[in-house]
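The structure appears right after this line, and notes come after that.
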Amino acid sequence: MSPVLPRSKSPSDPIAALLSAHGLRRTSASHRVLGWLLAHPDTSYTHAQLQAALAGEGDAAGGAVLDRVTLYRLIDRLTQVGLLLCRVDASRVRRYQAMPPGVHAMPHFECQSCHRDSPLENALQASAGDLDRAAQSALEALKALGYQGMSLDFAVRGVCADCATAARTQGAPA
Ligand SMILES: [Zn+2]
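So our numbering is basically just the index in the sequence shown, starting at one, shifted up by 1044.
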């Protein structure tokens, strides 16, 4: 059960603070979209899934339903400023996920066999920190050159360990 969003511009509201820090207007729609994705950091949503999720929440909270065009624009804007991560999955569908504050690169693995898209932070352990620092300095260097609205997608593609094991088992000569 999600609480009804306060209309006040309380400085302690972390979502409003994030929107302001990225130069976005603090509308109730942008607050809802970013709030939802931050509350579900491990899930990536397609446009349609996000719209359905927010429509359900809107009914529960008595809020207005976000129309498709508004939602699409909002998602684009949030992605441009790096608050959302956009990934194109194996079926070429765009999926969006909240970028945790302070994180610059979220390495993930796209399995070309089972099409699962899984985070790599745990698998990479200490290297994930190195990657994030490298991503941060790359973004800072580009920003100094005048590039704007950058986001970074660190995708590793291949066959996951589960699929590789299954293939070895099935393909083993008798
Ligand atoms: Zn797999």
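Backbone N, C-alpha and C fix where the C-beta goes; we use that ideal spot for every residue, glycine too.
The C-alpha of Cys1158 lies about 31 Å from the C-alpha of Arg1117.
Nearest C-alpha to Leu1122 among Ala1210, Ala1211, Gln1141, Ser1181: Gln1141. In this model, Met1194 and Gln1214 are separated by some 43 Å (Cα to Cα). Screening all residues for a C-beta within a distance smaller than 7 Å of any heavy atom in ligand 1 leaves Cys1155, Ser1157, Cys1158, Arg1160, Val1203, Cys1204, Asp1206, Cys1207, in chain order. DSSP places Val1077 in the helix class (H, G or I) of the three-state scheme. Cβ atoms of Arg1139 and Thr1090 come within 8 Å of each other, at about 6 Å. Taking a contact as a CB-CB distance under 8 Å, the pair Leu1164 and His1148 does not count as one, their CB atoms being some 14 Å apart.
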